[in-house]
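Please read the structure below before turning to the comments.
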Amino acid sequence: MTGEAETPEEGGAWEPVEHRFDHLPVHVALLHTGKVLAFGGSGNDETRLHHPYPAELFDPETGSLTVVDQELGGDVFCVGHAFLPDGRLLAAGGTYRYDGGIDPPALPGVPDLPNLPPFAGLDHTYLFDPDAERWTRGQDVHAGRWYPTLVTMGDGSVLAAAGLTKHPPWVALRKLELYTPGEGWRVLRGAGRWLPLYPRLHLLPDGTVFYAGSYNTHYTFPFSLRAFPTARFDVGRRTWTEYGLPSEQEREEGASALLPLRPGDDYRARVLLAGGGTPTGTEAVADTELIDLSAPDPRWRSVDSMAHARYYAYAVLLPDGTVFVMGGRSGKKGHVHGVGYDPETGEVASAPNAVHEAERFDPATETWTALAPMTVDRLYHSNALLLPDGRVLTCGSNPRRRVDELRIELYRPPYLFAGPRPTVDAAPERVVYGEAFDVETPDAPEVDEVVLVRQSSTTHCLNTDQRLVELVVEAKSEGTLTVRLPANPSLLPPGYYLLFVLREGVPSVAPFVRVAGGD
Numbered sequence: 001m002t003g004e005a006e007t008p009e010e011g012g013a014w015e016p017v018e019h020r021f022d023h024l025p026v027h028v029a030l031l032h033t034g035k036v037l038a039f040g041g042s043g044n045d046e047t048r049l050h051h052p053y054p055a056e057l058f059d060p061e062t063g064s065l066t067v068v069d070q071e072l073g074g075d076v077f078c079v080g081h082a083f084l085p086d087g088r089l090l091a092a093g094g095t096y097r098y099d100g101g102i103d104p105p106a107l108p109g110v111p112d113l114p115n116l117p118p119f120a121g122l123d124h125t126y127l128f129d130p131d132a133e134r135w136t137r138g139q140d141v142h143a144g145r146w147y148p149t150l151v152t153m154g155d156g157s158v159l160a161a162a163g164l165t166k167h168p169p170w171v172a173l174r175k176l177e178l179y180t181p182g183e184g185w186r187v188l189r190g191a192g193r194w195l196p197l198y199p200r201l202h203l204l205p206d207g208t209v210f211y212a213g214s215y216n217t218h219y220t221f222p223f224s225l226r227a228f229p230t231a232r233f234d235v236g237r238r239t240w241t242e243y244g245l246p247s248e249q250e251r252e253e254g255a256s257a258l259l260p261l262r263p264g265d266d267y268r269a270r271v272l273l274a275g276g277g278t279p280t281g282t283e284a285v286a287d288t289e290l291i292d293l294s295a296p297d298p299r300w301r302s303v304d305s306m307a308h309a310r311y312y313a314y315a316v317l318l319p320d321g322t323v324f325v326m327g328g329r330s331g332k333k334g335h336v337h338g339v340g341y342d343p344e345t346g347e348v349a350s351a352p353n354a355v356h357e358a359e360r361f362d363p364a365t366e367t368w369t370a371l372a373p374m375t376v377d378r379l380y381h382s383n384a385l386l387l388p389d390g391r392v393l394t395c396g397s398n399p400r401r402r403v404d405e406l407r408i409e410l411y412r413p414p415y416l417f418a419g420p421r422p423t424v425d426a427a428p429e430r431v432v433y434g435e436a437f438d439v440e441t442p443d444a445p446e447v448d449e450v451v452l453v454r455q456s457s458t459t460h461c462l463n464t465d466q467r468l469v470e471l472v473v474e475a476k477s478e479g480t481l482t483v484r485l486p487a488n489p490s491l492l493p494p495g496y497y498l499l500f501v502l503r504e505g506v507p508s509v510a511p512f513v514r515v516a517g518g519d
């Protein structure tokens, strides 16, 4: 870890948003319309199980908020989600019952037992259409899933893994399911594996899926303290290859990210794991580790540690290829009892050990630098994602039940204080695998690189949609760049991306482009 940020040019700057969410934004997604969808169902409030809160839409350009006034018929608190090729958000699972004997009980007429998992998963599927700004009900998953992970594959299908079941024995589900648009869900027979809740899954360029570690193992009774070795899943062969554990077992409730994929490095697939801790109640760590999954014998190795130990940290890929990490708290994980609303301001009071200092990881040097501190705690149930203008939206935090952080902050990285930005005058709305296309920009001769960053959907420090791919620039002329899209859909799963052009590390405002196969 190096330096202390003293100026916006060094550490960026934070800005508050005038408006705030009406309800806790447990799940957040950047839509191709430019708006941000936020929803949380019952929002970690068991009294709202049968009356969940509606979703909301935030417009970063105007700062306005609108409510999606629609009842779903199920609680989307703690679903898994990922984007489909057409830009709709697929959400599966959710909450069927809470802890504490809230209706419906685990076993009708039988008192809840202390060693039963406290939550049960819903088996619903919902799809959000960004253009219509409405939800529709999809085919149910084959079993309830509470805290599942969804990841979009290179063929546009979506893999679902993990989650607590709806019916006995209420353990983490072994079944893997695959959603195919227009067809629905099917179970992948013979591919089952025990995974913790909200496992960190990343699609690799070879089409396999890497499990980088756990988010939460506490509720996976009776497997709470077992080891879940990191592993790679071959969907076609339905086989798993294990790579062991990082130095800190499980590293639960930390952050992971698939680092930028670049043609000059043969699209080498590396995964970063930062912060977190163990499931045995120990304190958070600042440790950072990398694994190179393109190597002949992938192994975790330690690199420069963060300056701050963190649970509940978020990792956001920035268009300059660095990784922005924010939020969380040091010490032990869990609800922060005693924290409530400040009687003078009415805002959520700051929690002990909350980490406000942000940090940035440079994959080229494998080192961290300090960034400007934020003013609002971002703990459990917080979110962070990249916006088209290069800022980072942060929202949410839920130190304990019914204490909901509704304020929104926007972070402006140092590159927004580094001089004039390049501009994009025009880009295709749709680009095809393996084909070249033109980007009109008056800055073409000075552009250093062009990157695509996939639209994000985030929850619980998890963002499986997140990926950055550098494109090959084939030609430059006055006012035009000719770039080529890779032919490999596992590098860029079909869907919507932000197209940034960069000059000396300073990105443009990004238009959305849709990546698709040829007709």
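Residues in the sequence shown are numbered from 1 upward in steps of one, following UniProt numbering.
Ideal placement from N, C-alpha and C gives every residue a C-beta, glycine not left out.
1. Here's the rule: buried if 16 or more other CB atoms are within 10 angstroms of the residue's CB, otherwise exposed. What is A106?
2. Tell me which same chain residues have a C-beta within less than 6 Å of the C-beta of F512, skipping the five on either side of it?
3. Please report the distance separating the alpha-carbon of P428 from that of V209.
4. Say whether the stretch 7-27 touches the stretch 74-83, bearing in mind that this needs 3 or more beta-carbon pairs closer than 8 Å, one atom from each stretch.
5. Any idea what DSSP makes of D123, helix, strand or coil?
6. Per DSSP, what kind of secondary structure is G517 in: helix, strand or coil?
7. What are the boundary residues of the beta strand (DSSP E) that G182 is part of?
8. So the candidates are G94, V158, R514, D86; which of them puts its Cα closest to the Cα of Y433?
9. So what's P507 in DSSP terms, helix, strand or just coil?
10. Do the CB positions of R360 and P413 come within less than 9 Å of each other?
11. Closer than 8 Å to a non-hydrogen atom of the ligand GDP - does that hold for the CB of R270?
12. Starting from V11 and walking both ways along the alpha helix (DSSP H), at which residues does that stretch end?
13. To the nearest angstrom, how far is it from the Cα of I102 to the Cα of A91?
14. Considering only their Cβ atoms, is the gap separating R421 from P507 smaller than 9 Å?
15. Give me the Cα-Cα distance between P263 and D129, rounded to the nearest whole angstrom.
16. Out of curiosity, what's the CA-to-CA distance linking F228 and T464?
17. Helix, strand or coil for D304 per DSSP?
18. What whole-angstrom Cβ distance do G327 and Y314 have, given they're in contact under 8 Å?
19. Confirm, please, whether the CB-CB distance from P373 to residue 537 is below 9 Å.
20. At what residues does the beta strand (DSSP E) containing S64 begin and finish?
21. Residues bridged to Y341 by DSSP?
22. Decide if A55 is buried, meaning its Cβ has at least 16 other Cβ atoms within 10 Å, or exposed.
23. Am I right that G43 and F77 are in contact with their C-beta atoms under 8 Å? What's the rounded C-beta distance?
24. Could you give the first and the last residue of the continuous beta strand (DSSP E) run that contains V336?
25. Return the CA-CA distance between E440 and D131, expressed in angstroms with no decimal places.
26. Tell me whether the beta-carbon of L410 lies closer than 9 Å to the beta-carbon of L387.
27. For a test of the three-state rule: what should DSSP assign to R48, helix, strand or coil?
28. Could you tell me the distance, in whole angstroms, from the CA atom of L195 to the CA atom of L72?
29. Between the Cα of A487 and those of G12, Y198, L471, spot the shortest distance and give me the residue it belongs to.
30. Would you list the residues sitting across from E242 in a DSSP beta bridge?
31. Just mark V151 as buried or exposed, buried being the case when its beta carbon has 16 or more other beta carbons within 10 Å.
32. What did DSSP end up calling P298 once you bin it into helix, strand or coil?
33. Check this for me: beta carbons of V501 and V447, under 9 Å apart or not?
34. Near G74, what residues of its chain come up, given a Cβ to Cβ distance below 7 Å and the 5 sequence neighbours on each side ignored?
35. Based on Cα-Cα distance, which residue from V483, A307, L57 lies nearest to A5?
36. Which one of Y126, V431, T459 has the shortest CA to CA distance from V316?
Inspection of the coordinates gives the following:
1. Any answer about A106 is weak, because its pLDDT of 47 lies below 50 and its placement is not dependable; what the coordinates show is given next. So A106 counts as buried.
2. H32, Y496
3. 30 Å
4. yes
5. coil
6. coil
7. Where G182 is concerned, there is no enclosing beta strand (DSSP E), given that its DSSP letter is neither H nor E.
8. R514
9. strand
10. yes
11. No copy of the ligand GDP occurs in the structure displayed, which carries no ligand at all.
12. As written in the sequence, residue 11 is Gly, which differs from the Val given in the question. That run of the alpha helix (DSSP H) goes 8-11.
13. Residue confidence is low: I102 scores 46 on pLDDT, short of 50, so the model does not pin down where it sits. Its coordinate-derived value is still stated next. Taking the straight line joining both Cα atoms gives about 24 Å.
14. yes
15. 33 Å
16. 19 Å
17. coil
18. 5 Å
19. Since the first and last residues shown for the chain are 1 and 519, residue 537 lies out of range.
20. 64-68
21. V348
22. buried
23. 6 Å
24. Element bounds for V336: n/a, residue is neither H nor E.
25. 26 Å
26. yes
27. helix
28. 28 Å
29. L471
30. A231
31. buried
32. coil
33. yes
34. G94, L122, H124
35. A307
36. T459
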